[in-house]
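Trainee:
Numbering (my numbering), first residue to last: 91 to 271.
Right, here's the structure in full:
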């Protein structure tokens with residue numbers, strides 16, 4: 091009986107601790123990575139604004155090469171949408187372009203339906219400079235109380251590797267395409 095009471099109080103204490111810690115954690119996040127690409131903003135923009143080109147550089151395209159993609163709409167215009175259904179690592183989701191300022195900015199709504207539901211905003215900023223274009227890829231979202239806020243502590247670990255791989259691949263794709271034109 092003492093063991094059951096101890097386990098019950100321990101569980102209650104753990105749940106209480108999670109609830110209290112969650113109160114003090116941020117309810118949203120902004121995650122960003124950037125890279126310098128030796129090409130014009132127009133060349134970079136064309137690879138980001140056209141979801142048909144994402145397979146050539148997206149880190150998630152390599153997660154499940156057998157995933158099914160559906161692309162609707164006109165490249166680079168609000169309403170263009172890419173939906174996918176993949177394995178358990180890729181899941182099911184969509185990316186819908188909501189705002190575009192060619193060739194400097196793109197904003198899209200990112201939704202995951204499986205394996206768990208979430209919604210965030212992807213933002214792309216392209217800044218021309220003397221050596222090409224500084225590309226900033228940002229993901230912004232809300233964190234549910236309390237577990238989402240606790241998971242937010244690990245957001246950098248969850249997204250960093252994928253964003254860095256994606257940006258490196260985008261750089262390679264754009265720079266090699268720019269040299270052949």
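C-beta atoms are modelled at their ideal positions from N, C-alpha and C, and glycine is treated no differently. Every value quoted in this text rests on a predicted model; they were computed, and no experiment measured them.
Who are residue 183's beta bridge partners in DSSP?
Mentor: Within the chain shown, numbered from 1, the residue matching residue 183 stands at position 93. According to DSSP, residue 183 bridges with 174, 202.
Trainee: Less than 6 Å between C-beta atoms, sequence neighbours within five positions excluded: which residues of the same chain meet that for residue 127?
Mentor: As a first step, residue 127 must be located in the chain shown, where it is residue number 37. Around residue 127: 134, 222, 223, 225, 261, 264.
Trainee: Near residue 151, which residues of its chain fall below 6 Å by C-beta distance, leaving aside the five closest residues on each side in sequence?
Mentor: Position 61 of the chain shown, counting from 1, holds the residue named residue 151. Closer than 6 Å at the Cβ level, and outside the excluded window around residue 151, lie 145.
Trainee: Assign residue 246 to buried or exposed, taking buried as 16 or more other Cβ atoms, counted over all protein chains shown, within 10 Å of its Cβ.
Mentor: Along the chain shown, one-based indexing puts residue 246 at 156. Exposed.
Trainee: My assumption, with CB atoms under 8 Å, is that residue 257 sits in contact with residue 125. Please give the rounded CB distance.
Mentor: The sequence position of residue 257 within the chain shown is 167, counting from 1. The sequence position of residue 125 within the chain shown is 35, counting from 1. Yes, they are in contact, since the Cβ atoms of residue 257 and residue 125 sit about 4 Å apart, within 8 Å.
Trainee: Which one of 229, 254, 102, 191 has the shortest CA to CA distance from residue 216?
Mentor: Translated into the one-based positions of the chain shown, residue 216 becomes position 126. Of the listed residues, the one whose Cα sits closest to residue 216 is 191.
Trainee: What three-state label does DSSP hand residue 252 in the structure shown?
Mentor: Stepping through the chain shown from its first residue, residue 252 is reached at position 162. In the three-state DSSP reduction, residue 252 falls in the helix class (H, G or I).
Trainee: Residues bridged to residue 157 by DSSP?
Mentor: Locating residue 157 in the chain shown gives position 67, counting from the first residue. None; residue 157 has no bridge partner.
Trainee: Would you call residue 179 buried or exposed, if buried means 16 or more other Cβ atoms sit within 10 Å of its Cβ?
Mentor: Taking the first residue of the chain shown as 1, we reach residue 179 at position 89. Residue 179 comes out exposed.
Trainee: Mark residue 250 as exposed unless 16 or more other C-beta atoms lie within 10 angstroms of its C-beta, in which case mark it buried.
Mentor: To locate residue 250, count along the chain shown from 1; it is residue 160. It is exposed - the Cβ of residue 250 has fewer than 16 other Cβ atoms within 10 Å.
Trainee: Quick one: give me the first and last residue of the alpha helix (DSSP H) that residue 130 is part of.
Mentor: Here residue 130 refers to the residue found at position 40 of the chain shown. Neither: residue 130 is in no alpha helix (DSSP H) and is coded neither H nor E.
Trainee: Measuring only the C-alpha atoms, how far is residue 56 from residue 228?
Mentor: Any answer about residue 56 is impossible in this case: the structure gives the chain only from 91 up to 271.
Trainee: Write down the C-beta distance between residue 176 and residue 202 rounded to the nearest angstrom, noting that I regard them as a contact closer than 8 Å.
Mentor: Taking the first residue of the chain shown as 1, we reach residue 176 at position 86. Taking the first residue of the chain shown as 1, we reach residue 202 at position 112. In fact, because the Cβ distance is near 11 Å, the residues do not count as touching under 8 Å.
Trainee: With DSSP as the reference, label residue 221 as helix, strand or coil.
Mentor: Within the chain shown, numbered from 1, the residue matching residue 221 stands at position 131. Correct three-state label for residue 221: coil.
Trainee: Measuring only the C-alpha atoms, how far is residue 123 from residue 243?
Mentor: Translated into the one-based positions of the chain shown, residue 123 becomes position 33. Translated into the one-based positions of the chain shown, residue 243 becomes position 153. Cα-Cα distance, rounded: 17 Å.
Trainee: Which same chain residues end up closer than 6 Å to residue 173 when comparing Cβ atoms and leaving out the 5 residues on each side of it in sequence?
Mentor: Taking the chain shown and counting its residues from 1, one reaches residue 173 at position 83. Within the same chain, residue 173 has close Cβ partners 160, 184.
Trainee: On the DSSP bridge list, what partners appear for residue 195?
Mentor: The residue given as residue 195 occupies position 105 in the chain shown. 191, 215.
Trainee: When you compare each of 209, 131, 239 to residue 114 by their alpha carbons, which one comes out closest?
Mentor: For the purposes of this step, residue 114 is identified with residue 24 of the chain shown, where counting begins at 1. Comparing Cα positions, the closest option is 239.
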